[in-house]
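The next block holds one structure in the form of structure tokens; read it before the comments.
4 protein chains.
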Amino acid sequence: MFDKLHEECGVFGIFRRSGETVVPETYHALYALQHRGQESCGIAVNVDGVINCHKGAGLVNEVFNREALMKMPEGKMAIGHCLYGSIGNASENIQPLLINHMKGAMALAHNGCLTNGLEIREELEKKGMIFHTSSNSEVIAYAIIQERVRCGSIEEAVRNAMKVIKGAYSLVIMSPTKLIAARDPQGIRPLCMGTMGEDVVFASESCAFNAIGATFERDIEPGEVVVVTKDGVKSYKPEVREKTGLCVFEYIYNARPDSVIDGASVHEARLQAGAFLAQEHPVEADVVIGVPDSGLDAALGYARESGIPYGIGFIKNKYIGRTFIQPTQKERQDAVRIKLNVVSATVKDKRVVMVDDSIVRGTTSLPIIKLLRDAGAKEVHMRLASPPYIRPCYFGTDVVSVENLIAANHTVEEIAKIIGVDSLGYLSVEACDKLAKGCGLSLCKGCFTGEYPVDPPKRDQTPRHEKPI
Amino acid sequence: MFDKLHEECGVFGIFRRSGETVVPETYHALYALQHRGQESCGIAVNVDGVINCHKGAGLVNEVFNREALMKMPEGKMAIGHCLYGSIGNASENIQPLLINHMKGAMALAHNGCLTNGLEIREELEKKGMIFHTSSNSEVIAYAIIQERVRCGSIEEAVRNAMKVIKGAYSLVIMSPTKLIAARDPQGIRPLCMGTMGEDVVFASESCAFNAIGATFERDIEPGEVVVVTKDGVKSYKPEVREKTGLCVFEYIYNARPDSVIDGASVHEARLQAGAFLAQEHPVEADVVIGVPDSGLDAALGYARESGIPYGIGFIKNKYIGRTFIQPTQKERQDAVRIKLNVVSATVKDKRVVMVDDSIVRGTTSLPIIKLLRDAGAKEVHMRLASPPYIRPCYFGTDVVSVENLIAANHTVEEIAKIIGVDSLGYLSVEACDKLAKGCGLSLCKGCFTGEYPVDPPKRDQTPRHEKPI
Amino acid sequence: MFDKLHEECGVFGIFRRSGETVVPETYHALYALQHRGQESCGIAVNVDGVINCHKGAGLVNEVFNREALMKMPEGKMAIGHCLYGSIGNASENIQPLLINHMKGAMALAHNGCLTNGLEIREELEKKGMIFHTSSNSEVIAYAIIQERVRCGSIEEAVRNAMKVIKGAYSLVIMSPTKLIAARDPQGIRPLCMGTMGEDVVFASESCAFNAIGATFERDIEPGEVVVVTKDGVKSYKPEVREKTGLCVFEYIYNARPDSVIDGASVHEARLQAGAFLAQEHPVEADVVIGVPDSGLDAALGYARESGIPYGIGFIKNKYIGRTFIQPTQKERQDAVRIKLNVVSATVKDKRVVMVDDSIVRGTTSLPIIKLLRDAGAKEVHMRLASPPYIRPCYFGTDVVSVENLIAANHTVEEIAKIIGVDSLGYLSVEACDKLAKGCGLSLCKGCFTGEYPVDPPKRDQTPRHEKPI
Amino acid sequence: MFDKLHEECGVFGIFRRSGETVVPETYHALYALQHRGQESCGIAVNVDGVINCHKGAGLVNEVFNREALMKMPEGKMAIGHCLYGSIGNASENIQPLLINHMKGAMALAHNGCLTNGLEIREELEKKGMIFHTSSNSEVIAYAIIQERVRCGSIEEAVRNAMKVIKGAYSLVIMSPTKLIAARDPQGIRPLCMGTMGEDVVFASESCAFNAIGATFERDIEPGEVVVVTKDGVKSYKPEVREKTGLCVFEYIYNARPDSVIDGASVHEARLQAGAFLAQEHPVEADVVIGVPDSGLDAALGYARESGIPYGIGFIKNKYIGRTFIQPTQKERQDAVRIKLNVVSATVKDKRVVMVDDSIVRGTTSLPIIKLLRDAGAKEVHMRLASPPYIRPCYFGTDVVSVENLIAANHTVEEIAKIIGVDSLGYLSVEACDKLAKGCGLSLCKGCFTGEYPVDPPKRDQTPRHEKPI
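Chains as they are written, first to last, in the working numbering: chain A, 457 to 925; chain B, 457 to 925; chain C, 457 to 925; chain D, 457 to 925.
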């Protein structure tokens with residue numbers, strides 16, 4: 457409902473050498489990664505080489521209710537996935553993808569988006585191959601299995617396939633005997649490794665490790681493939697290091713603040729962004745508040761840097777879930793009011809700096825600011841912890857066209873007027889760069905600049921079968 | 457729960473030229489075919505060439521509850537399927553199968569079982585192809601698409617594929633613009649065609665046509681392919697007529713008595729079987745009763761032929777569904793009692809002829825006969841409207857081994873003793889032949905004789921990925 | 457959907473002295489009584505004097521699914537109820553009713569309908585008493601508890617209350633230490649007693665005993681109260697025997713044919729009704745068929761008496777449940793077709809006698825007969841195993857007004873014309889009397905004659921709070 | 457799961473004179489009050505004087521899913537309730553309570569707990585009255601209706617009943633034509649009034665008004681009764697003003713910080729409590745963090761007063777709901793980890809002040825503090841924004857015995873050792889008094905002092921029927 461970017465997925469994998477269970481660990485890890493995708497989820501468990509998979513539409517605790525969990529078999533390996541699911545027929549595209557091939561079964565969980573997926577798909581279709589889904593993930597599976605028939609091992613097949621597929625992909629793959637993690641050469645989406653005693657885990661974000669009592673070890677490097685077998689862990693790094701670029705929005709919005717990605721704490725990155733914002737767009741005010749949840753850290757950073765007191769300006773209804781908005785409540789103002797309420801004591805008769813992480817389409821800023829005005833805020837100065845969002849993203853979010861991007865179609869002054877603030881300030885691209893540099897990071901800032909670490913797709917990636925005749 | 461053969465599927469297809477809807481028709485047709493498969497079901501609808509599919513585990517009225525039906529889009533073509541699902545991972549194997557290929561999308565609903573499915577699968581896997589299911593149906597889909605890339609039309613691809621695949625298959629296939637029905641050259645499973653004005657329908661059994669007010673036109677012939685487009689209906693018959701053999705159990709048990717299959721009324725065939733049974737195994741008795749539901753027709757036939765009065769001996773609880781038998785009720789006697797009750801007035805102090813369609817494993821005959829004894833039956837003479845079941849079936853039932861077949865391991869006298877009857881009589885294979893001849897039918901009686909109309913599979917058909925390492 | 461009378465309830469009770477469980481027995485007994493009420497159901501279990509109750513809308517196997525059954529505590533006593541629920545706010549009226557009073561808790565399950573319920577309710581309301589439901593059952597509970605405060609025992613309170621309440625009631629009542637069964641002085645609704653070793657059970661129909669392996673002992677007599685405690689069973693019979701009259705429709709339609717009520721087999725009563733019908737309304741014909749399920753027994757009786765062969769004319773879809781009829785299928789012809797199909801082989805080119813139990817509103821006879829005509833029946837002669845239904849019922853069915861009763865508004869000839877039959881014959885009231893006499897029964901035939909065994913209510917019984925202002 | 461007090465309820469009522477709907481408003485208001493009770497909820501709608509009620513176990517958006525909302529009729533009046541439900545048989549006690557009496561129907565929603573409920577219940581039971589629930593709310597309903605039969609109006613009956621019932625109660629009552637709000641003479645639970653144009657609303661907390669766009673008007677005064685009819689709003693205030701005392705825990709924990717209760721902002725009260733805490737228990741430290749959600753405001757207050765920087769120390773998983781903790785995860789440490797994660801960047805190598813609202817049983821403090829230590833906190837100083845909880849509460853929480861209260865059984869030093877902190881400081885009772893005085897409030901602090909504004913119950917309030925024999 458809120459004007460947010462929608463990321464597509466969280467992935468997880470576990471290989472046990474000593475521990476007894478894999479299902480509860482995967483379940484709780486997915487629960488910790490739930491913010492990365494709320495539409496559907498699934499777990500594939502490897503029972504003595506036979507892979508069982510349960511998946512469905514809904515939140516982790518809906519799909520894996522008591523009865524479903526009871527029915528899950530146990531094993532020594534499992535992978536899990538949660539999905540936002542903006543693309544195609546949801547029920548078919550739910551992951552993990554479980555496929556059978558010449559050497560047995562393979563399960564695959566994927567976060568990201570290819571830029572040459574349709575080209576590979578069409579190439580394979582010409583050979584009479586069939587696809588069950590419209591997802592990139594099946595294309596990746598095919599690319600791997602095409603190699604598998606002529607390679608000596610699944611990891612070799614994965615490495616060869618990575619020469620063919622282009623774009624963003626963090627993968628966790630399970631064969632009858634191996635667990636494999638792989639990350640695209642640009643490292644666009646995060647992926648990290650942890651341990652629990654002798655056992656190995658992989659996850660999109662380190663917060664999943666905290667949830668199950670695992671220890672964070674390191675990030676998977678761009679282009680790296682890590683293979684876990686009962687004999688140990690082996691890593692294959694790319695021969696040629698390509699240009700890298702972790703999605704900047706992982707820091708701005710996607711990731712949980714308690715995660716550490718590619719060496720940088722998400723919370724600290726947001727504090728720092730807030731501090732830069734205070735330097736770039738200072739204002740005289742009485743209180744700094746953040747829009748929950750993703751604006752809070754930057755608001756605290758802004759407050760600390762500016763010396764203006766930090767306040768709690770909004771309470772977000774925490775019983776989220778699938779609240780059904782009745783027809784009569786459908787106006788956006790009503791919808792916002794149901795989820796967000798102002799703490800009047802904080803803003804009444806005050807000059808308020810309101811910090812949010814970003815504006816994408818700009819659809820909910822007006823009603824949020826109206827809430828502040830109604831609660832008695834004297835002035836409202838909006839500060840955004842990211843630069844103007846003006847270009848499409850090809851790497852797994854739901855912003856594939858610039859048509860609805862408010863900043864692509866309006867100046868900052870126009871936007872300020874549209875949403876009704878006294879002043880509006882965006883973080884500069886330069887501040888982003890400083891921030892990245894400070895953390896030793898290389899970021900993809902394509903959505904702000906149009907420059908991507910890998911070539912964008914050559915044409916619309918919608919498969920033929922999804923177009924009406 | 458009862459000792460019955462489990463058939464695998466019912467299929468349905470509709471092509472509208474004049475009518476407005478296809479979903480309610482498919483829904484009600486599947487409801488009429490529900491006896492052919494109760495584990496899962498699905499409907500694929502063609503909306504201007506884009507195919508949408510909804511499927512799930514459960515009965516038709518569970519999977520397609522009010523909410524699900526409301527969400528279904530409407531179109532001019534649809535296919536539907538209901539499945540018993542004895543094989544493999546149910547959720548993946550639920551049909552219709554919807555796949556995407558070079559020329560667009562294809563949906564397929566299949567009843568039957570291949571005898572060379574694993575061989576074709578392995579051949580394809582060697583080329584790096586991947587399978588999402590362990591079902592034969594995906595093998596058929598692949599066989600068709602392999603041809604499709606070099607054929608001018610989907611119907612040509614289907615006809616070519618039929619030269620490769622062996623075994624039992626009644627298919628309803630939907631492409632972006634065509635609806636196709638095809639039946640294996642032996643005609644092992646039923647498939648028929650009907651009309652509703654200008655519109656064409658296909659179904660496993662004619663009772664589906666009655667349910668939606670359609671008119672039965674004719675059976676699809678063994679080896680025939682029928683193609684429906686907006687320009688009309690076209691039929692392709694096999695150049696060489698192979699040996700045919702409709703599954704005898706379609707008459708004995710699978711089909712609904714109100715269906716007409718390959719020119720013969722199922723009800724009449726059962727009446728006739730009962731009459732032959734009376735001739736072959738006469739007995740002095742006071743009343744003839746049938747075991748509901750599939751023994752009733754043969755019981756009436758036995759009564760008419762023998763002159764012994766027909767009676768209503770059992771009431772079956774009609775609120776079937778997924779009744780949960782509590783641990784304390786788990787003994788078979790208790791379980792039988794919950795579903796079946798004797799009408800004492802009919803059997804008390806009487807010599808009773810009890811007619812059933814068949815004994816497969818023989819697990820519930822003893823408790824059923826005990827019910828009659830407890831209700832005061834003086835004598836119980838069991839008569840079976842089919843010969844002893846002694847050989848495996850390779851064409852889509854769940855009897856794949858002779859291990860648990862009571863008649864494969866015991867003489868008639870031993871069985872009579874085991875189940876506690878005063879006499880036991882099976883229909884002879886010769887009577888079956890007479891029955892077939894009378895109807896102009898060629899039947900597969902492999903389960904009684906070991907002679908099949910097509911070669912049995914060369915080896916166990918379980919795919920590699922379903923075997924533990 | 458079919459034109460049937462709707463009865464309101466089935467009741468059950470169990471008192472264990474030796475056995476270990478009461479929940480599975482109650483569950484399976486309710487499942488056997490499901491035909492008496494499909495809208496809702498419930499079970500109350502007595503755990504050491506504390507009564508727990510679970511109830512809900514739906515069939516027995518829906519309300520008591522695996523999870524719900526698992527959660528039920530076990531005890532030595534339980535009562536159960538299934539309800540049709542034509543009256544008032546369903547969710548509040550679901551039974552058993554569990555109430556708390558001066559002496560502890562009481563659970564009550566009731567089948568029937570009072571004729572002075574509103575008068576008692578208003579009397580109590582004047583004293584400031586509150587009601588939670590609009591059901592008679594709460595009035596009965598109040599009548600008992602009003603006595604309880606001045607009586608030495610619950611059974612005395614029940615007996616006193618029975619002097620106050622008028623109309624139809626078969627009750628099973630549970631106190632912290634006792635299980636009580638009571639039947640109104642007219643014996644309008646059935647109630648019987650059985651045993652399982654040392655344990656005692658009560659049920660609306662004997663078929664519930666068969667389902668759980670209990671032995672039928674006897675019917676509860678009109679006006680009798682039976683009390684079970686750990687010390688044994690005690691019976692209180694009425695001092696003055698009033699006029700009695702078991703509802704004739706229990707034999708015609710409500711009860712299961714395998715039940716025995718007040719000494720008469722329901723199946724035999726229906727056979728006999730069919731035989732009388734053949735005597736009163738003979739016709740030259742080729743086959744006699746019954747409308748499933750309640751017309752089958754009388755059809756067999758007609759066939760035997762007339763010498764015309766009995767045939768199986770219809771197949772009823774056995775996957776009943778809550779099939780959702782889509783808007784486009786809503787015409788009655790379509791709706792009938794989905795549930796009922798003709799066996800053409802039985803009726804084609806034949807003169808058919810079709811026997812049904814009754815016509816109430818006459819809404820589905822026309823489409824059923826059309827099915828026969830469409831299947832090729834040459835003549836259709838309808839025979840009804842009951843007299844014309846012309847008067848309201850005040851004792852627990854849903855026919856409370858004569859407005860929609862076809863026979864109250866049309867002659868037999870007119871009805872024959874309306875529903876499209878070649879001839880129509882109703883059983884005579886005299887035949888009913890003969891039938892009752894043969895079984896030693898006294899029947900309430902008020903719906904045919906307007907003469908009731910107890911005075912009808914003086915005014916509309918709708919409570920005040922259900923009328924809009 | 458967390459060591460929190462459980463409050464019992466939220467109430468809401470709406471009377472429309474101009475607006476069109478009442479169901480969406482009540483639904484969204486309950487959603488805003490969900491924090492007051494998550495076990496069950498319900499809505500009663502008045503349709504032209506006939507009251508319909510839907511209620512069930514679960515969160516508001518579960519009980520009122522799309523289908524349930526669609527089925528709700530609309531009217532001009534409605535009341536709603538959400539319940540924590542610690543007492544008795546949940547399904548019977550779900551509110552609103554809908555009862556029928558001499559003058560029609562009455563629906564009642566109640567927050568609080570009587571201290572003489574059992575005495576009144578037993579008094580009524582002696583007159584032969586029956587109870588359906590074990591809740592106080594039914595006692596209140598009875599007390600009102602007992603008066604109603606001799607009073608001229610429902611409001612007079614309510615006022616008279618208030619002379620009989622003692623303890624905590626905030627009531628919203630609906631008759632066929634009136635909406636009534638009433639609050640106990642001590643004002644123990646909150647209740648306030650708002651408007652939407654000509655329409656009137658009542659709610660437990662003002663945040664419910666914000667959610668539906670209503671305007672807060674004023675609190676209902678202790679002992680006040682407000683009646684809304686189509687002719688307007690009328691207030692009855694108590695003749696004698698009794699000693700008052702709003703539950704102090706409404707400020708400490710129960711209420712949402714964005715609510716304003718009896719003139720004081722909850723957020724500001726918590727900020728102030730944090731400030732007093734900093735004065736009473738200063739410590740040298742690097743960062744102040746709050747335990748989400750109820751410790752955050754006081755933490756900010758502590759930080760501001762002490763000058764130590766405020767930090768975000770924990771991320772709480774926001775996909776709460778009914779997460780199923782698997783047996784293997786059942787240790788408390790695992791359970792805490794799933795819901796709460798430390799932001800390492802905030803606490804690593806720091807001296808941390810961790811502020812929480814209270815410790816009740818002390819069961820989760822140890823694992824929470826262990827999380828901080830594991831994340832590298834050098835020192836942990838716990839500060840509690842309330843005094844030691846040492847006495848039972850009789851007014852609607854789940855703390856009815858001192859047995860498990862950690863502070864009732866241990867000194868502060870012992871507790872510090874048990875939970876593993878470097879120092880521990882509770883807010884003093886004197887600070888509570890100062891806080892109350894500052895807000896012009898009179899508070900019930902019985903749980904800290906044993907002094908209550910009204911006499912505690914004379915004996916255990918468990919009804920007879922809930923005790924085993």
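Note that beta-carbon positions come from the ideal geometry of N, C-alpha and C, so glycine has one too.
Determine the direct distance from the alpha carbon of V656 (chain C) to that of I596 (chain C), and round the result to whole angstroms. 24 Å
Anything in the stretch 482-511 of chain B with a Cβ closer than 9 Å to a Cβ of chain A? List those residues in chain order, please. V503, D504, G505, V506, I507, N508, C509, H510 and K511
Does the beta-carbon distance from G701 (chain C) to Q642 (chain C) come in below 8 Å? yes
For M585 (chain B), go through chain A and note every residue whose CB falls closer than 7 Å to its CB, in chain order. M585
Reduced DSSP secondary structure (H/G/I, E/B, other) of G757 (chain A): helix
Quick one: does S660 (chain D) have its CB under 8 Å from some CB of chain C? no
For the stretch 712-725 of chain C, which residues have a CB atom closer than 8 Å to at least one CB atom of chain B, in sequence order? R712, P713, D714, V716, S721, H723 and E724
Please determine whether the Cβ atom of E680 (chain C) lies at a distance below 7 Å from any heavy atom of the ligand SAM. This structure lacks the ligand SAM; in fact it carries no ligand of any kind.
For the stretch 608-619 of chain D against the stretch 634-649 of chain D, do three or more pairs of beta-carbon atoms, one drawn from each stretch, fall closer than 8 Å, so that the two count as touching? yes
Do L539 (chain A) and G493 (chain A) have their C-beta atoms closer together than 8 Å? yes
Contact check, S821 (chain A) vs I875 (chain A) under 8 Å by CB: the rounded distance? 4 Å
Would you verify that the beta carbon of N567 (chain A) is, or is not, closer than 8 Å to some beta carbon of chain D? no
Check whether the Cβ atoms of L489 (chain C) and A664 (chain C) lie closer than 8 Å to each other. yes
Integer-rounded CB distance, given that F468 (chain B) should sit under 8 Å from A624 (chain B): With a Cβ gap of about 18 Å, A624 (chain B) and F468 (chain B) do not count as contacting.
Smallest Cα separation from I499 (chain C): which of C:V628, C:P843, C:D916 and C:V683? C:V628
Determine, for R615 (chain A), whether the minimum Cβ-Cβ distance to residues of chain D falls below 8 Å. no
For G832 (chain B) and E611 (chain C), what's the separation of their Cα atoms in angstroms? 37 Å
Starting from the C-beta of Q789 (chain D), find all residues in its chain whose C-beta is less than 8 Å away, skip the five residues before and the five after it, and write them out in chain order. P823 and K826
Neighbour flag for P765 (chain A) against chain D, beta carbons, 8 Å: yes
Do the stretch 844-864 of chain C and the stretch 671-682 of chain C touch if we need at least three Cβ pairs shorter than 8 Å? no
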